[in-house]
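Chemist: This is the structure I want to talk about, given as structure tokens.
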Amino acid sequence: MHELRTPALRLLAACVGILLLALAVLALRESLPDYSLSVQTDGSRLSVLAPDGAIEVRALGPPTGQAGAPVLLTPDLLVEDPDMLSSYAGFRALLAAQGEMTALTTQATAAGQPLRLHLENGDEIDLPVTAETPLRHLPAMFWVQWAVGIIVLAIAAFLLVLRSGRNGRQQSEGLGGFVLAGAGVATAAFTASVYGTRELSIDPDLLWRLSIVNHIGTFAFGVGMIGLFARYPRPVLASRWVRAVAALAAVNEIAYRLQLPPYDLIKPQVLIGVMFLTILGLILAQLRATRGHPADRAALRWLGLSVLLGSGVFVLMVSLPALIGAETILSQGLAFIPLCAIYVGAALALARYRLFDLDRWALRVLFSLAVVALMIVVDTVFLLTLSLSGPASLASAVALVGLVYFPMRDLVFDRWLGRRRPDLAALYRDTLSVAFQHGGQAKANAWRGVMERLFAPLRVEALPAPVTGALLEDEGLALVIPGPEGTPALRLGYAAAGRRLFNAEDRALADELATLAEAAGRDRVTYETAVARERQRIARDLHDDVGSRLLSSLHARDDGQRQDFLIEALSDLRQIATGLAGREVTLPLLIGQLRAESRSRAEALDRRLIWPPGSADEAEIPLRYDMQRNLTAIQREALSNALTHGAGDIHVTATCDGQSLHLCLVNALSSADRRAEGPHRGNGTGNMRNRAEALKGRLEAGPTENGHYRMELYLPMNADIS
């Protein structure tokens, strides 16, 4: 219900706002004075229609017996728009004459007397006048422009409300320009309907303000249409250039009002022509940009033709004649009709181009608004058949709608119009299962099954070329979906067995599922790679460490040495078995095992190992298999060097601060090593350094100044070992 009410209320609020604005314009037009005789012009003189024919008039005078100078009547006083005058002086003269006529009209209405019309033949006749124009006396041209403003605003509001999308989804490109242009047309039509249909006089201050607002609306239409074609159907012009056009229009209006540049250079028709040519150029640019995009090209043809025909009529028949100082070919009021046709055509083009974003919204809004119509119908039926009172009929209609209509509407939505929401848990399981299929064909079949269960398309086609993202085709009739790695892309046709179109939500969902399947596949590959790497490490350890020690034990010359090799081989097998079983080995456990093994080896050679407990014995840090193997190998090699080349006690310490391990082994050098200025330890130290670097650590080894040999190992506990 929330999805139904929200756009409906927004549209209702927009309609109320438009209605209030239209009523305000109507009230403003009714506030102008009403004259009993119609004054008209043929371009060279003024005349009034009397019962015996047209009578030429020369001036408008005050009521009989009232003071005041007559106002000379010229054809410029009835000009439809002040912009059609030929100079600043003409505009100023119009405002001055309107001020004088307004004063005479106010004087006559206050006295309750008619004005006096001075005829060309020297006679005078009465001109009755009232302060306000009755609704029935409003001219047809007012209603035309008034209706144009309402229709254009309604279309713009409808698309703005229903195109704003759900959950804050971004609006279509160019929609802002379309709405701005609609507001401009409505503003120009509303203002022109007031001052353009005046019978004779209007307050000059009101005329001045309405003229400014009219220019703002006219230029807003041009800027909006430029903004529309700059971004729609394809972006061809950066938004900053549209803002530059808006700034140019503002500068033009300010300069025009201040009467600074020459009139023929700054008059509004000049900028209107420039904007029209700019719109034409952008349409040509869009023709080039939409090459190869049939849907965009079709929308452009419809939209561009509407704009060129509608605005072209206004420019060629109203603006261009006024620009060159000629009579307009078409009344400005009638020229608003083609502008309204622009909006009808543009609205249809936009709705057609983005139909898959609008269909469910429109249905829900129409159902919501239909409640009001149904209540009226039911109320009328009760009035006609049961002869109930007004309140009783309304109450019965409300009760009937609540008891019958709402349940039926919910049933219709759920059965036919409601969107079946997918089971997210099942969808997640199905998508993950795609990544764990063995073989490309099995994975492709699983992915196809997920899409068929989700969208129920009438047609599924595997595409030969991969795609990077989901794509809507044929105005939503088809949806192209990328396949996970190793599977072809799919083209789905006719969603929900042809009952609906694919939309932007479907495209986003398909992209998310494809990304999820791709990520699951990568995770599986990563897992399998890690498993294979671990197997390779274990095989290497079995071959290199255990195998070499068993072989060494076979060739050992004495039982003590053979026993050492067998003990080390058994220890290696125990570590490998622990790694295969996945049992957790912590740092204190490994340190304890190394301490016991090292002490046994030292005692077998009548050497003493001093390895007191340290902070490493308390750091409960789990160790990876590679950390266990390399740390064990380093400790064994270091101890072997100390037992072979050293003398006296062997001191070992192991400390850990939670982030890194520090292992230190110190022993006294033998006399031979001391005389040789260092022990000859072959490749053992280099191998230890390589193992330390494999663990992202470092190893330092060498003789000290006091005749000892010192090995220090620094290993990070949380390094990422690939």
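Quick note: the sequence shown uses the working numbering, first residue 9, plus one each step. Where a beta carbon is used, it is the ideal one built from N, C-alpha and C, also for glycine.
Counting along the chain, where does the beta strand (DSSP E) carrying residue 717 start and finish?
Modeler: 716-724
Chemist: Is residue 333 helix, strand or coil when you go by DSSP?
Modeler: coil
Chemist: Since residue 463 contacts residue 532 with CB under 8 Å, what's their CB separation in whole angstroms?
Modeler: Contact flag wrong, Cβ pair sits at about 25 Å.
Chemist: Return the CA-CA distance between residue 199 and residue 155, expressed in angstroms with no decimal places.
Modeler: 12 Å
Chemist: Below 8 Å CB to CB, which residues in the same chain sit around residue 1 once its five sequence neighbours on both sides are set aside?
Modeler: Absent from the model: residue 1. The displayed extent of the chain is 9 to 730, so no value can be given.
Chemist: How about residue 344 and residue 319: do their beta carbons lie closer than 8 Å?
Modeler: no
Chemist: Span of the alpha helix (DSSP H) holding residue 644?
Modeler: 633-653
Chemist: How is residue 668 classed by DSSP in three states: helix, strand or coil?
Modeler: strand
Chemist: How close, in whole Å, do the beta carbons of residue 468 and residue 487 come, if the pair is a contact with beta carbons under 8 Å?
Modeler: Contact flag wrong, Cβ pair sits at about 10 Å.
Chemist: With a Cβ-Cβ cutoff of 8 Å, do residue 234 and residue 292 count as a contact?
Modeler: no
Chemist: Pop quiz: residue 7 and residue 696 are said to be a contact at Cβ under 8 Å. What is the actual Cβ separation, rounded to whole angstroms?
Modeler: An answer regarding residue 7 cannot be provided, because it is not within the stretch 9 to 730 covered by the chain.
Chemist: Report the start-end ranges of each beta strand (DSSP E) in the region 479-515 that is 3 residues or longer and not cut off at the edges.
Modeler: 479-481, 486-489, 498-501
Chemist: What is the residue span of the beta strand (DSSP E) that residue 48 lies within?
Modeler: 47-49
Chemist: Determine whether the beta carbon atoms of residue 7 and residue 247 lie at a separation below 8 Å.
Modeler: Since the first residue shown for the chain is 9 and the last is 730, residue 7 is missing from the structure and cannot be characterised.
Chemist: Do you know offhand how far residue 347's Cα is from residue 90's?
Modeler: 20 Å
Chemist: For residue 70 versus residue 123, is the C-beta distance shorter than 8 Å?
Modeler: For residue 70 and residue 123, yes; Cβs fall inside 8 Å.
Chemist: Using 8 Å for Cβ pairs, my map puts residue 341 next to residue 153. What's the rounded Cβ distance?
Modeler: Confirmed, about 5 Å.
Chemist: With residue 223 as the anchor, note down where its beta strand (DSSP E) starts and where it stops.
Modeler: That residue, residue 223, is in no beta strand (DSSP E); its alpha helix (DSSP H) goes 212-239.
Chemist: Give every residue of the same chain whose Cβ lies closer than 7 Å to the Cβ of residue 465, excluding the five residues on either side of it in the sequence, and list them in chain order.
Modeler: 500, 501, 502, 503
Chemist: Can you list, in chain order, the residues of its chain whose CB lies under 6 Å from that of residue 664, leaving out five sequence neighbours each side?
Modeler: Short of 6 Å from the beta carbon of residue 664, and not among the five residues preceding or following it, lie these beta carbons of its own chain, in chain order: 623, 624, 627.
Chemist: Count the CB pairs spanning the region 539-548 and the region 442-459 that are closer than 8 Å, and state whether there are at least three.
Modeler: Three or more beta-carbon pairs separated by less than 8 Å are not found between the region 539-548 and the region 442-459, which leaves the two stretches without contact.
Chemist: Along the beta strand (DSSP E) that carries residue 65, what are the first and last residues, could you check?
Modeler: 61-69
Chemist: Considering residue 460, what are the terminal residues of the alpha helix (DSSP H) in which it resides?
Modeler: 448-463
Chemist: Measuring only the C-alpha atoms, how far is residue 304 from residue 244?
Modeler: Looking at the two C-alpha atoms, the distance is approximately 13 Å.
Chemist: Specify the secondary structure class of residue 659 as computed by DSSP and reduced to three states.
Modeler: strand
Chemist: Taking 8 Å as the cut-off, decide whether the C-beta atoms of residue 158 and residue 226 are in contact.
Modeler: For the pair residue 158 and residue 226, the CB atoms are not nearer than the 8 Å cut-off.
Chemist: On the three-state DSSP scale, how would you describe residue 606?
Modeler: DSSP places residue 606 within a helical segment (H, G or I) once states are collapsed to three.
Chemist: Is it buried or exposed for residue 206, if we count other Cβ within 10 angstroms and need 16 for buried?
Modeler: buried
Chemist: Assuming residue 662 contacts residue 669 under a Cβ cut-off of 8 Å, what Cβ separation, rounded to an integer in Å, is found between them?
Modeler: 7 Å
Chemist: CB-CB under 8 Å to residue 435, same chain, minus the five flanking residues each way: which ones, in chain order?
Modeler: Taking C-beta separations shorter than 8 Å and ignoring five residues to either side along the sequence, the partners of residue 435 in its chain run 458, 462, 521, following chain order.
Chemist: What does residue 675 pair with, by DSSP beta-bridge criteria?
Modeler: Looking at the DSSP assignment, residue 675 forms a beta bridge with 658, 717.
Chemist: Decide if residue 350 is buried, meaning its Cβ has at least 16 other Cβ atoms within 10 Å, or exposed.
Modeler: Residue 350 comes out buried.
Chemist: State whether the region 188-199 contacts the region 55-64, with contact taken as three or more CB pairs (one from each stretch) at a distance under 8 Å.
Modeler: no
Chemist: How long is the line joining the alpha carbons of residue 46 and residue 57, rounded to whole angstroms?
Modeler: Whole-angstrom Cα-Cα distance: 6 Å.
Chemist: Decide if residue 544 is buried, meaning its Cβ has at least 16 other Cβ atoms within 10 Å, or exposed.
Modeler: When all chains shown are included, residue 544 counts as exposed.
Chemist: Using the rule of at least 16 other Cβ atoms within 10 Å of the residue's Cβ for burial, across every protein chain shown, is residue 24 buried or exposed?
Modeler: When all chains shown are included, residue 24 counts as exposed.
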